[in-house]
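I have placed the structure first, in the form of structure tokens, so that the comments after it can refer back to it.
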Amino acid sequence: MSRLLQLIWTGLYLEVTTGYPSCSLMGQKARCSFQRHHWVPVLPPTITHLFLDGNHISEINSTSLRDFPELQYLDLADQKAVLIIRNDSFLRQRNLVQLELGFNRGLTLEPRAFDGLSRLQVLFLYYCSLTDSILSGAYLEPLVSLEELALP
Numbered sequence: 000m001s002r003l004l005q006l007i008w009t010g011l012y013l014e015v016t017t018g019y020p021s022c023s024l025m026g027q028k029a030r031c032s033f034q035r036h037h038w039v040p041v042l043p044p045t046i047t048h049l050f051l052d053g054n055h056i057s058e059i060n061s062t063s064l065r066d067f068p069e070l071q072y073l074d075l076a077d078q079k080a081v082l083i084i085r086n087d088s089f090l091r092q093r094n095l096v097q098l099e100l101g102f103n104r105g106l107t108l109e110p111r112a113f114d115g116l117s118r119l120q121v122l123f124l125y126y127c128s129l130t131d132s133i134l135s136g137a138y139l140e141p142l143v144s145l146e147e148l149a150l151p
């Protein structure tokens, strides 16, 4: 039994160090911060927490996160490229409860960018150069569970 556990541990270690070299995996959390990613990296579909802050991601669209239906927390703060969130980007993220988008100067949100986020409770949009249209438009309508909205 201990030999089996040792083999499993070795396999997991090799998967983490060779399969995802720019991300640190700890259980179901993937830390991929400040790694110069230009897109969402390939990771296990069971990830629940994904840290992508400080990268160069310029677009999130309907295919960017499709492999992560279990996501509960997503950090896309402080991208070094101007970030645009396309319509229907989060349709498969039904479990997402916290989304960090702060410090994305020039952030662009398409009108249905947040569709699918019915369980989202916390949304950080501070220092994103957004106008009042984020509040007056229908952008936030899908966020029926929203408890905290952080704006500048």
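Position 126 (the sequence shown) corresponds to 125 in numbering that gives the first Met the number 0; numbering is contiguous. Beta carbons: idealized from backbone N, C-alpha and C, even for Gly. Since the model is a prediction, treat every value here as computed from it, not as a measurement.
DSSP, read as helix, strand or coil, puts residue 23 in strand.
The beta carbon of residue 47 sits closer than 8 Å to those of 27, 28, 69, 70, 71, 72, 94, all from its chain and outside the five residues before and after it, given in chain order. Distance check between residue 99 and each of 35, 132, 51, 45 places 51 closest, using alpha-carbon atoms only. Per the C-alpha coordinates, the member of 45, 21, 112 positioned closest to residue 54 is 21. Scanning its chain for C-beta atoms nearer than 7 Å, with the 5 sequence neighbours on each side dropped, one finds no residue around residue 62.
Of the candidates 80, 43, 41, the residue whose Cα lies closest to the Cα of residue 56 is 80. Residue pairing for residue 74: DSSP places it in a beta bridge opposite 50, 99. Within the same chain, and ignoring the five residues on either side of residue 134 in sequence, no residue has its Cβ closer than 7 Å to its Cβ.
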